[in-house]
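The opening position of the sequence shown corresponds to residue 30 in the numbering used here, with each subsequent residue numbered one higher.
Cβ atoms here follow ideal geometry from the backbone N, Cα and C, with glycine treated the same way.
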Amino acid sequence: RTVESVKAVSPLFAPISGEVVEVNDALVAGPENINDGPYEAGWMIKVSVVDENELDELMAAEAYEQFVDDLHA
């Protein structure tokens, strides 16, 4: 899968193993929702997790936001 923007086409990497069970088709008409509300209308896919132990390796949203902020500091 890829994600397209005005400037680029980027691969979409999943941080966990699983099966895509739903795709947010509404993003075709309103792609700005990805940036404006990724936890509300801007979600991209829903995944059925294969190995729940992989979830322990993920950062919490707040920790990830801090990580990104630190990269841009």
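CB residue i to CB residue j, shorter than 9 Å?
{"i": "residue 153", "j": "residue 83", "result": "Here the chain comprises residues numbered 30 to 102, so residue 153 is not present and cannot be evaluated."}
{"i": "residue 71", "j": "residue 87", "result": "no"}
{"i": "residue 38", "j": "residue 74", "result": "no"}
Any idea what DSSP makes of residue i, helix, strand or coil?
{"i": "residue 121", "result": "Residue numbering for the chain in the displayed model covers 30 to 102; residue 121 lies beyond these limits and cannot be assessed."}
{"i": "residue 33", "result": "strand"}
{"i": "residue 38", "result": "strand"}
So the candidates are the options; which of them puts its Cα closest to the Cα of residue i?
{"i": "residue 33", "options": "59, 101 and 78", "result": "59"}
{"i": "residue 81", "options": "65, 68, 47 and 64", "result": "47"}
{"i": "residue 42", "options": "99, 90 and 31", "result": "31"}
Rounded to whole angstroms, what's the CA-CA distance from residue i to residue j? Just pull it up for me.
{"i": "residue 49", "j": "residue 62", "result": "20 Å"}
{"i": "residue 78", "j": "residue 85", "result": "12 Å"}
{"i": "residue 69", "j": "residue 100", "result": "25 Å"}
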